[in-house]
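Asker: Structure incoming, see below.
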Amino acid sequence: MALIADLAVQGAQMSLVVLLAPAATGIVRKAKARLLRRQGPPVLQPYRDLLRLMRKDVVLAENASWLFRAAPYLIFAATWVAAALVPTFGAGLLFSWSADLIAITALLGSARFFLALAGMDVGTSFGGIGSSREVMIASLAEPAMIMIVFSLALLAGSTQLSTIAEYMMSPQVGLRVTLGLSFVALMMVGIAENARIPVDNPATHLELTMVHEAMIFEYSGRHLAVLELAAYLKLLLYISLIACVFAPWGLAPANAGWATLTIGAAAYSGKLLLGCLVLAGFETTIAKMRVFRVPTFLGAALMLGLLGTLLLFVSRGL
Amino acid sequence: MSLALALSCIAALFGLSVTAVLVGRRTTRLLYAASFVISAILLVVSAFHLLTESLPALLVLPVGLPWLGAHFRLDAVASFFLVVINLGSAGASFYGIGYGAHEREPFRVLPFYPVFLAGMNLVVLADDAFSFLLSWELMSLASWALVMAHHRSSENRRAGYIYLLMASLGTFALLLAFGLLAGAQGGYAFAAMRASHPTPLLASLALFLVLVGAGSKAGLVPLHVWLPLAHPAAPSHVSALMSGVMTKVAIYAVIRIVFDFLGPPVWWWGIVVLSLGGASALMGVLYALFEIDLKRVLAYSTIENIGFIFVGLGLAIAFRADGFAAASVLALTAALFHVLNHSLLKSVLFFGSGAVLTATGERNMEALGGLIHRMPATALAVLGACAGISALPPFNAFASEWLTFQAILLSPRLPQWGLKLLVPAIGALLALSVALAAACFVRVYGNAFLGRARSAVAASAREVDFFSRLTMLALATLCLLAGIFPGLVMDAIGPAVQSVLSSKMASQASVPWLSIVPIAQSRSSYNGLLVFLFIMLSAGMAVLAIHSLANRKTRRAAIWDCGYPDGSPALQYSAGSFSQPIRRVFGTVLFRAREDITMPLPGDASPAELEVRLTDVIWEVLYEPIAGAVAYAAERLNVLQFLTIRRYLSLVFFALVALLVVLAIWR
């Protein structure tokens with residue numbers, strides 16, 4: 468019986484993230500537009516975009532290989548698996564032990580690997596520029612993320628996300644410098660990983676500034692829909708991750724009853740909304756930076772993560 | 294029994310070499326097939342010994358030094374390395390059945406190839422310093438001969454020369470190390486070394502010598518200079534053996550001497566090994582990112598992975614010095630797991646580069662492109678290996694990388710400040726190298742196999758023969774399987790770790806769902822099988838959903854490229870332009886990368902030029918002064934070559950007197 472309940476929670480989590488992901492992006496877009504005193508597209512616009520893309524024909528470049536056609540599904544699958552393992556409303560996910568936070572980071576790395584390859588498949592200069600910049604950004608964002616994972620793992624004594632969340636809810640966690648450093652670093656990594664301003668601009672099609680959009684240039688129809696959904700999922704994943712680690716309030720513990728789960732769901736929607744609004748506010752107040760200033764930005768994130776880890780190594784033995 | 298069988302297989306390899314010299318040239322395939330069979334037998338024997346025998350097998354042959362004989366010993370750690378060696382050898386030999394046929398001068402390869410295999414096997418089996426060094430030199434010289442197989446290119450001759458110098462240096466250092474360990478009584482049998490407990494000073498000196506001797510063979514920075522020259526110069530299946538397997542024999546030498554003979558380690562040894570490993574990991578991958586020669590990229594990536602393995606060894610030493618047995622076992626298991634993973638992955642990648650070389654005759658990535666259309670099987674196998682070596686789940690290198698990170702997370706317990714500060718920095722370096730490795734292999738695959746063909750040879754490439762394809766696909770499948778079932782591999786490594794550290798990790802096979810749990814379930818676990826199944830299920834569900842709900846029509850059209858269709862494949866991003874952002878971020882300090890742009894004046898029709906200059910700082914700072922000093926000394930001492938016989942005799946006399954005086958004062 469407990470197994471069925473756990474399975475239900477895990478299944479609910481998996482479908483929830485997919486269903487909710489476009490809404491999160493929609494909220495960010497709407498909030499940004501309102502902050503700029505524009506009307507903005509409706510919050511549900513990303514859903515309509517996806518449906519529209521699915522109805523359209525796929526136009527493939529003549530020399531696109533099988534990898535180009537398979538990549539969207541692989542990218543989506545890796546991102547989805549990663550997103551399904553980050554606790555949103557309840558911590559007791561049935562399969563949370565199958566991949567810890569390091570593995571979740573690496574799963575996103577797999578998605579990026581195939582995305583960068585897909586960008587190079589057709590053999591255009593724009594695809595190449597996107598892939599080349601993406602791997603440059605990732606080469607700093609990924610170690611920064613690993614350092615954040617190290618800090619959290621040393622504090623909580625575990626790399627399992629559900630254990631970390633439980634630790635963060637427990638009274639033994641006080642105000643710690645390391646936590647502050649990791650929080651800032653995680654937000655910086657999240658911004659870079661999701662191709663948001665100031666690292667990349669999700670709305671631009673100006674050739675020289677784009678990174679993510681340049682890689683998916685040749686995609687159309689259902690392939691593009693899948694890739695867009697994967698990008699929405701990734702944004703949701705990072706907001707959920709930050710919420711689960713740094714604001715775990717209301718997160719339903721393992722084997723919780725329906726009431727607790729409902730509270731967890733309500734708390735999660737609140738946190739998600741807040742996260743989207745903060746992101747929109749941040750993006751409107753800052754300008755996009757030059758590509759070659761991004762390494763400085765991410766280098767700072769890496770150093771913050773390393774500093775946080777070093778502090779823990781120095782301040783105590785486990 | 295198994296030891297005698299293994300030694301007779303090695304004798305058969307020597308016989309094969311003689312046969313190769315004697316029989317005609319139409320037997321290339323047969324000779325490779327024979328070495329495949331012998332390697333396969335050795336593989337089965339050593340795997341059987343690793344999994345079933347707990348006691349080491351001993352054998353003394355009455356050859357070698359008269360008062361010593363040749364001692365051989367097969368224990369668990371030796372049989373683990375025999376498995377790695379013979380897995381690689383079997384793969385290379387099977388691949389050679391097809392690939393070796395393309396060799397223009399097969400007799401520059403065939404006689405040396407079985408000797409090379411035999412040498413590597415013998416190093417691992419040797420149980421006294423004399424036979425160890427003899428086998429080590431056999432391995433070095435046979436591989437040198439193979440590097441010189443294509444001796445007509447001056448580049449290869451230079452590679453061979455530098456390799457020979459570095460190999461001599463390495464053997465010399467190992468010789469001195471054994472001399473120190475054997476002591477004045479000359480206990481050259483390994484059993485005697487194991488029993489004697491050297492003083493910390495002597496042991497530290499021996500450690501330094503081993504790091505020079507075996508480290509130079511493994512390609513540890515800064516002793517790596519020969520590796521990216523020599524490994525690519527050999528025929529591709531030999532490159533795979535040198536990169537994937539011979540470097541592991543060097544790792545074996547380090548484990549054997551440091552963990553087995555040197556007695557209890559001193560904590561700062563960990564610092565030395567960790568720093569060398571971290572530096573190798575980062576420098577190796579950066580070199581690889583700035584290189585456009587396909588095989589040389591792979592050779593540099595070997596340096597990176599060797600760095601990764603040395604970090605595991607360094608952690609094991611540091612934990613052992615401070616008495617954390619379980620953590621030490623975890624770190625050594627991670628290192629040995631990575632030994633296996635890297636040898637598999639690098640074999641597939643070098644086989645793939647050999648296939649590309651056969652099909653196009655090109656090693657320059659900037660002349661390739663679009664091979665995925667023309668070489669589908671090779672492209673698939675290489676894609677798997679690229680994903681694996683970039684440490685992506687669910688492939689095998691991710692599992693060993695994950696274990697290394699878990700070991701790093703145990704290190705706040707270490708009491709010494711030096712280690713406390715160094716280990717997190719090494720962790721950051723490793724994470725950085727892993728991310729850069731992914732960038733490097735996106736670049737390799739994207740330039741060689743994806744995009745449009747950049748040259749006529751790439752456009753007319755044909756898929757390679759059956760044996761090559763089968764080898765690549767089989768080994769790539771093994772990589773995936775080792776990543777999906779990491780627990781089983783770790784259990785198989787268990788006896789090897791136990792024979793070195795006298796304890797091993799808890800059995801992983803009994804963990805439910807085949808997860809791996811290095812310390813405790815609540816602390817960390819990873820399940821390659823479930824991750825693989827989840828990815829496959831999710832992708833399958835997505836495909837099903839999309840294909841039943843969405844529009845399924847597909848049209849082919851010209852490349853869109855944002856409305857600027859460029860006709861020429863030369864306008865694609867090239868390997869050099871791909872790494873330009875990374876070069877600007879990391880290369881300016883470590884490689885003094887400089888870009889000079891020459892723009893013609895307005896109205897001038899000459900082309901604009903971009904010149905990129907990279908400086909190999911290690912070569913400049915370390916090797917050029919040494920080479921300069923040697924040349925200077927040689928020039929000064931040249932006078933001594935033209936003396937009369939009387940002067941030579943008096944020189945000898947005075948030298949003798951001086952030495953005797955020194956000896957008299959010493960006593």
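For the protein sequence lines, the chains are A and B, in the order given.
Positions 468 to 785 (our numbering) are the ones given, in order, by the first sequence.
Positions 294 to 960 (our numbering) are the ones given, in order, by the second sequence.
Glycine included, each C-beta is placed from N, C-alpha and C at the ideal position.
#1: Show which residues of chain B have a CB atom less than 7 angstroms away from the CB atom of Asn-722(A).
#2: What residues from the region 804-820 of chain B come within 8 angstroms of chain A, judged by C-beta to C-beta, listed N to C?
#3: Using DSSP bridges, identify the partner residues of Gly-557(A).
#4: Per DSSP, what kind of secondary structure is Pro-675(B) in: helix, strand or coil?
#5: Beta-carbon within less than 8 angstroms of Asn-820(B)'s beta-carbon, same chain only, minus the 5 sequence neighbours each way: which residues are those?
#6: Would you report the Cα separation of Met-677(A) and Gly-597(A), rounded to the nearest angstrom?
#7: Take the Cβ of Gln-627(A) as the centre, count every other Cβ of all protein chains shown within 10 Å, and call the residue buried at 16 or more, exposed below.
#8: What three-state label does DSSP hand Asn-740(B) in the structure shown?
#9: Under 8 angstroms by Cβ, that's how I've got Ser-529(B) and Phe-643(B) pegged, so tell me the actual separation to the nearest angstrom.
#10: Can you tell me which of Asp-897(B), Cys-772(B), Ala-721(B), Thr-626(B) puts its alpha carbon nearest to the alpha carbon of Ala-785(B)?
#11: Measure the CB-CB distance between Val-757(B) and Thr-653(B) and report whether it falls below 8 angstroms.
#12: Listing by chain order, which chain B residues have their CB less than 9 angstroms from the CB of Gln-627(A)?
#13: In terms of residues, what are the limits of the alpha helix (DSSP H) holding Val-632(B)?
#14: Does Thr-729(A) get closer than 8 angstroms to chain B when you measure Cβ to Cβ?
#15: Quick one: residues in its chain with C-beta nearer than 6 angstroms to the C-beta of Leu-633(B), no 5 flanking neighbours on either side, listed in chain order?
#16: Please identify the residue among Lys-588(B), Ser-568(B), Ser-640(B) whose C-alpha is closest to the C-alpha of Leu-606(B).
#17: Please indicate yes or no: does the CB of Phe-535(A) lie closer than 7 angstroms to some heavy atom of the ligand ZN?
#18: Please check if any C-beta of chain B sits within less than 8 angstroms of the C-beta of Leu-785(A).
#19: Chain B beta carbons: is any one of them nearer than 8 angstroms to that of Met-756(A)?
#20: Any Cβ of chain A within less than 8 angstroms of the Cβ of Trp-561(B)?
#21: Could you check what DSSP says for Asp-567(A) in three-state terms: helix, strand or coil?
#22: Run down chain A in chain order and give the residues with a C-beta less than 7 angstroms from the C-beta of Lys-713(B).
#23: Taking 8 angstroms as the threshold, find out whether the region 433-443 of chain B comes into contact with the region 397-407 of chain B through three or more Cβ pairs.
#24: Does any C-beta atom of chain B lie closer than 8 angstroms to the C-beta of Met-635(A)?
#25: Return yes when the Cβ of Ser-640(B) is within less than 8 angstroms of the Cβ of Ala-236(B), no when it is not.
#26: If you measure from the beta carbon of Trp-547(A) to each beta carbon in chain B, is any gap under 8 angstroms?
#27: Any Cβ of chain B within less than 8 angstroms of the Cβ of Asn-530(A)?
#28: Please identify the residue among Ser-815(B), Ala-789(B), Phe-778(B), Arg-816(B) whose C-alpha is closest to the C-alpha of Gln-801(B).
#29: Are the CB atoms of Ala-620(B) and Phe-612(B) nearer to each other than 8 angstroms?
#30: Could you compute how far the alpha carbon of Leu-723(B) sits from the alpha carbon of Gly-577(B)?
#31: Apply the 10 Å Cβ neighbour rule to Phe-734(B) and answer buried if 16 or more other Cβ atoms are within range, or exposed otherwise.
#32: Would you mind telling me which residues of chain A sit closer than 9 angstroms to Gly-663(B), beta carbon to beta carbon, in chain order?
#33: Residues bridged to Asn-657(B) by DSSP?
#34: Kindly say whether Leu-574(A), judged by its beta-carbon, lies nearer than 8 angstroms to any beta-carbon of chain B.
#35: What residues in the region 575-605 of chain B have a beta carbon less than 7 angstroms from any beta carbon of chain A?
#36: Can you list, in chain order, the residues of its chain whose CB lies under 7 angstroms from that of Met-413(B), leaving out five sequence neighbours each side?
Answerer: Looking at the atomic coordinates:
#1: Here the question's residue 722(A) lines up with position 255 in the first sequence. Within chain B, no C-beta atom comes nearer than 7 angstroms to that of Asn-722(A); the closest sits roughly 16 angstroms away.
#2: From the region 804-820 of chain B, only Trp-806, Ser-808, Gln-814, Ser-815, Arg-816, Ser-817, Ser-818, Tyr-819, Asn-820 have a Cβ closer than 8 angstroms to chain A.
#3: Sequence index remark: in the first sequence, residue 557(A) carries index 90 (1-based). Paired residues: Ala-719(A).
#4: Stepping through the second sequence from its first residue, residue 675(B) is reached at position 382. The question names Pro, but residue 675(B) in the sequence shown is Val. When secondary structure is reduced to three states using DSSP, Val-675(B) falls in the helix class.
#5: Translated into the one-based positions of the second sequence, residue 820(B) becomes position 527. Same-chain partners within the cutoff: Trp-806, Leu-807, Ser-808, Ile-809.
#6: Position 210 of the first sequence holds residue 677(A). Position 130 of the first sequence holds residue 597(A). Answer to the nearest angstrom: the Cα atoms are 7 angstroms apart.
#7: As a first step, residue 627(A) must be located in the first sequence, where it is residue number 160. Buried is the call here.
#8: In the second sequence, residue 740(B) corresponds to position 447, counting from 1. Helix, per DSSP.
#9: Residue mapping note: residue 529(B) aligns to position 236 of the second sequence, counting from 1. Residue mapping note: residue 643(B) aligns to position 350 of the second sequence, counting from 1. Right, the Cβ-Cβ distance comes to about 5 angstroms (below 8 angstroms), so this counts as a contact.
#10: By one-based count along the second sequence, residue 785(B) stands at place 492. Ranking the options by Cα distance to Ala-785(B), first place goes to Thr-626(B).
#11: Translated into the one-based positions of the second sequence, residue 757(B) becomes position 464. Translated into the one-based positions of the second sequence, residue 653(B) becomes position 360. Result no, Cβ atoms of Val-757(B) and Thr-653(B) do not sit closer than 8 angstroms.
#12: Against the first sequence, residue 627(A) aligns to sequence position 160. Residues of chain B passing the Cβ test: Gln-814, Ser-815, Arg-816, Ser-817, Ser-818.
#13: Taking the second sequence and counting its residues from 1, the one referred to as residue 632(B) is at position 339. It spans 618-653 - the alpha helix (DSSP H) in which Val-632(B) sits, taken as one unbroken run.
#14: By 1-based counting over the first sequence, the position of residue 729(A) is 262. For Thr-729(A), not one C-beta of chain B is nearer than 8 angstroms to its own C-beta.
#15: Residue 633(B) sits at position 340 when you count from the first residue of the second sequence. Only Val-377 meet the Cβ criterion.
#16: Looking up residue 606(B) in the second sequence gives position 313. The shortest C-alpha separation from Leu-606(B) is found at Ser-568(B).
#17: Questions concerning the ligand ZN fall outside what the structure shown contains, since it holds no ligand whatsoever.
#18: As a position in the first sequence, residue 785(A) is number 318, starting the count at 1. Any reading at Leu-785(A) needs caution, since the residue's pLDDT is 43, under 50, leaving its predicted position unreliable; the model's value is listed next. Chain B, which has a Cβ nearer than 8 angstroms to the Cβ of Leu-785(A), makes this yes.
#19: In the first sequence, residue 756(A) corresponds to position 289, counting from 1. Judged by the 8 angstroms Cβ criterion, Met-756(A) is not in contact with chain B.
#20: Translated into positions along the second sequence, residue 561(B) becomes position 268. Chain A, which has no Cβ nearer than 8 angstroms to the Cβ of Trp-561(B), makes this no.
#21: In the first sequence, counting from the first residue as 1, residue 567(A) sits at position 100. Residue state, collapsed to three classes: coil.
#22: The residue labelled residue 713(B) in the question sits at position 420 within the second sequence. Within chain A, Phe-780, Val-781 have C-beta atoms less than 7 angstroms from the C-beta of Lys-713(B), given in sequence order.
#23: Counting Cβ pairs under 8 angstroms, three or more are found: they touch.
#24: In the first sequence, the residue the question calls residue 635(A) occupies position 168. Not closer than 8 angstroms to any Cβ of chain B, the Cβ of Met-635(A) fails to qualify, so no.
#25: No information on residue 236(B) is available, as it lies outside the stretch 294 to 960 that chain B covers here.
#26: Locating residue 547(A) in the first sequence gives position 80, where the first residue counts as 1. At a cut-off of 8 angstroms between beta-carbon atoms, Trp-547(A) makes contact with chain B.
#27: Here the question's residue 530(A) lines up with position 63 in the first sequence. Judged by the 8 angstroms Cβ criterion, Asn-530(A) is in contact with chain B.
#28: What you label residue 801(B) is simply residue 508 of the second sequence in a count that begins at 1. Nearest option by C-alpha distance: Phe-778(B).
#29: Stepping through the second sequence from its first residue, residue 620(B) is reached at position 327. Stepping through the second sequence from its first residue, residue 612(B) is reached at position 319. Yes, these two residues count as a Cβ contact at 8 angstroms.
#30: The sequence position of residue 723(B) within the second sequence is 430, counting from 1. The sequence position of residue 577(B) within the second sequence is 284, counting from 1. Leu-723(B) and Gly-577(B): Cα-Cα distance of roughly 12 angstroms.
#31: Residue mapping note: residue 734(B) aligns to position 441 of the second sequence, counting from 1. Within 10 angstroms of the beta-carbon of Phe-734(B) lie 16 or more other beta-carbons, which makes it buried.
#32: The residue labelled residue 663(B) in the question sits at position 370 within the second sequence. By Cβ distance, chain A contributes Asn-530, Ser-532, Gly-590.
#33: Numbered from its first residue, the second sequence carries residue 657(B) at position 364. Under DSSP, Asn-657(B) forms a beta bridge with Asp-586(B).
#34: The residue given as residue 574(A) occupies position 107 in the first sequence. Leu-574(A) counts as touching chain B.
#35: Residues are counted here when their Cβ sits less than 7 angstroms from a Cβ of chain A; for the region 575-605 of chain B the count is zero.
#36: Position 120 of the second sequence, counting from 1, holds the residue named residue 413(B). Ile-378, Met-432, Val-538, Met-539, Val-542.
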